[in-house]
Every structure is written in C-alpha cells, then in structure tokens.
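Engineer: Sequences listed follow chains A and B, in order.
Read in order, the letters of the first sequence are residues 1 to 53 in this note's numbering.
Read in order, the letters of the second sequence are residues 1001 to 1193 in this note's numbering.
Glycine residues also receive a C-beta, built at the ideal position from the N, C-alpha and C atoms.
These figures come from a predicted structure and were not determined experimentally.
Take a look at the following structure, please.
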Amino acid sequence: MENEEIIIDDAMYMEPCEPEDVIAESKNLLEGIDEQYTDKVIRIILKGQLDGN
Amino acid sequence: MVIKYQIEVLSDEQVHQGDIFKSVQYYDNFVEQGGRFELSLLRFPYSIILTQECDLNNNLKERKSIDETLEIRKQDKYLISLLCAPLYNAEHLFTGNHLSFLKIEAAKKNSEQRNYLKSNREPRYHYIEFDNIIGMVPMVIDFKHYFTVSLHSIEKNLQQRACTIKPLYRELITQRFSNFLSRIGLPEPQIQQ
C-alpha cells in the first residue's frame, strides 16, 4: 500500500440486494443510498482494492 | 397521556448530548486478504448522542484553546468516541420488522407490551413522541443496541443533525440508559429434576 489510501470505488453493493444491483460507482456512493433507504437500519458493504497492491 | 418531548434545531458547531443525527454509521467489520478488502458498516436512520454534555463541551473548549502548530498538544479532555443508541420507528419495532434489512426478525409486541413500552416502564426501551416541529414520527431507543462513533466523523457531518432533545428530557433518557446498563442480571435458577 503506497499512500495508505483506500479506494472504495471498485465495487459496492447493499444487502439485501444482490451484488449485481450495484447502486453506483463513485466516491459519493454512501450519500446516494439515503434516498432509497431512510427508515430502517441497513448494512452496507464496500469492496475494493488497497492502493498499491 | 404520552408526554411530547421538546426539541430544538441547533446550528452551532458543538455536538450535544441529546443530539439526534441522521445516517450515523457504525463500522461493523473490516477484512483484507491479498490486497482485496471488504468493509461492512451499519447505517442507522436516526441515532441519539448519549455522551454527557459537559464532556462534549469541555472537549471542544479545550481543542479551541490548543495551539495546533505544536507537535505535542496538551489535551486532558480528549474523547475517543461518542456513545450512541439507535432510534427505531416505533411502528416498525412494535411489529418486529425494524431490522428486516439485516435479515433479523424481532419479537412482535402485543397491545399490552406496546402500552407498557410506550409508558417507558420497559427498561430496555425509551419511547419518544416529539414536539412535532420537524415531522418526526414516534420512535423508540433500544438501549441494548448502543454503539460508539468517532467524534471526528460526527463533527464532519453536523449537517446531518436532525434535532436536539432539550435538557431534562435528554437527562431522563441518559439516566434510564445508565440504569439499564447498571442492571444486575441474576443467573437463572436451576430447575430441580
């Protein structure tokens, strides 16, 4: 890992959606979720590649 | 009769005891293997800050008086994290589906249990009806689901503060929370065969 930076724009999905239900691919992913899921607790899984590996 | 909790909408830079924030995230798990990582977090629609007001106030005052250019800063009021608890939509909690997106089904409350809970006689829960200036539905704090969140991340998202519960009401909540935490669970009695 070169800059100790984590890139979280590789892939992302939200349970209980399937992985192919990718909502967005940007660093603003988390902001976009609220509009659809506002009234219950959700689990968000971010997947990515450590920079430099 | 259910007492309406008085709230205020603050825009200052301090996090307060009794602040209710939208979209607070709890970092649940992080795994990394061969450079690939997976970060799991829980996002709660609404959470209340339970950390004492004096701790929050003294921490901010101290940080404001610190010379940021110093390599080693003298800081006695440093806070690692804030104590929070989620607020669930009361109707969801009564029907037991408030954690349905986590694939968890909770016990459904019957009318007797609902009334018991709504009168705040159940130590685990705190039922709130808001003095409705911002359209918040009745909610229930589940003290068993308390968690921590970093002060830094909350301060970075002050615009997510929905409202603040006014003094006395907020103290009642934290007192009931501390009572819940300090309860003594006795072992189940052994049933004689």
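Evaluate A:V22 with the Cβ neighbour count: other Cβ atoms within 10 Å of its Cβ, from every protein chain shown; 16 or more gives buried, anything less gives exposed.
Structural biologist: Here the question's residue 22 of chain A lines up with position 22 in the first sequence. Confidence in A:V22 is poor, its pLDDT being 37 and thus under 50, which makes the residue's placement unreliable; the coordinate value appears in the next sentence. The residue is exposed, with fewer than 16 neighbouring Cβ atoms inside 10 Å.
Engineer: B:K1166 to A:K40, Cα distance in whole Å?
Structural biologist: Looking up residue 1166 of chain B in the second sequence gives position 166. Looking up residue 40 of chain A in the first sequence gives position 40. Spanning the two alpha carbons is a distance of roughly 25 Å.
Engineer: Looking at the strands, I want to know which residues DSSP matches up with B:T1095.
Structural biologist: Against the second sequence, residue 1095 of chain B aligns to sequence position 95. Partner(s): none; B:T1095 has no beta bridge.
Engineer: Could you tell me how far apart the beta carbons of B:F1130 and B:M1136 are, in whole angstroms, since I believe they sit closer than 8 Å?
Structural biologist: Along the second sequence, read from residue 1 onward, the residue named residue 1130 of chain B stands at position 130. Along the second sequence, read from residue 1 onward, the residue named residue 1136 of chain B stands at position 136. Indeed they touch by this definition, with Cβ atoms about 4 Å apart.
Engineer: Under 8 Å, Cβ to Cβ, is there at least one residue of chain A near B:F1143?
Structural biologist: Against the second sequence, residue 1143 of chain B aligns to sequence position 143. So, not an interface residue.
Engineer: Which residues share a DSSP beta bridge with B:V1024?
Structural biologist: The sequence position of residue 1024 of chain B within the second sequence is 24, counting from 1. In the DSSP secondary-structure assignment, B:V1024 is bridged to B:F1044.
Engineer: Relative to the C-alpha of B:H1126, which candidate in B:S1153, B:N1089, B:E1105 and B:H1152 has its C-alpha closest?
Structural biologist: Counting from 1 along the second sequence, the entry for residue 1126 of chain B is found at position 126. Selected option, being the one with the closest Cα: B:N1089.
Engineer: Taking all protein chains shown into account, decide if B:A1107 is buried (16 or more other Cβ within 10 angstroms of its Cβ) or exposed.
Structural biologist: Position 107 of the second sequence holds residue 1107 of chain B. Exposed.
Engineer: Short of 6 Å in beta carbon distance, which residues of its chain neighbour B:H1092, apart from the five on each side in sequence? Order them along the chain.
Structural biologist: Here residue 1092 of chain B is taken as the residue at index 92 of the second sequence, counted from 1. Around B:H1092: H1098.
Engineer: May I ask which residues mark the beginning and end of the alpha helix (DSSP H) holding B:N1110?
Structural biologist: One-based indexing of the second sequence puts residue 1110 of chain B at position 110. Taken as a continuous stretch (DSSP letters only), B:N1110 belongs to no alpha helix (DSSP H), as it is neither H nor E.
Engineer: Taking 7 Å as the limit between beta carbons, can you name the residues of its chain near A:E35, skipping five residues before and five after?
Structural biologist: Residue numbering aside, residue 35 of chain A sits at position 35 when the first sequence is read from its first letter. Below a pLDDT of 50, predicted positions are generally treated as unreliable, and A:E35, at 49, falls in that range; the measurement from the model is reported next regardless. Closer than 7 Å at Cβ, skipping near neighbours: no residue.
Engineer: Would you verify that the beta carbon of B:E1038 is, or is not, closer than 8 Å to some beta carbon of chain A?
Structural biologist: What you label residue 1038 of chain B is simply residue 38 of the second sequence in a count that begins at 1. Flagged as an interface residue toward chain A: B:E1038, by a C-beta distance shorter than 8 Å.
Engineer: In terms of DSSP beta bridges, what is B:F1130 paired with?
Structural biologist: Walking along the second sequence from the start, residue 1130 of chain B turns up at place 130. DSSP output for B:F1130 lists B:Y1005 as bridge partner(s).
Engineer: Would you mind working out which of B:E1053, B:L1117, B:K1156 and B:I1184 sits nearest B:L1168, comparing C-alpha positions?
Structural biologist: Within the second sequence, the letter at position 168 stands for residue 1168 of chain B. If we check each option's Cα against that of B:L1168, B:E1053 comes out closest.
Engineer: Is DSSP giving B:Q1033 helix, strand or coil here?
Structural biologist: Looking up residue 1033 of chain B in the second sequence gives position 33. It is a strand residue.
Engineer: State the Cα-Cα distance for the pair B:K1103 and B:F1021, rounded to the nearest angstrom.
Structural biologist: Locating residue 1103 of chain B in the second sequence gives position 103, where the first residue counts as 1. Locating residue 1021 of chain B in the second sequence gives position 21, where the first residue counts as 1. If I take the Cα positions, the gap works out to 24 Å.
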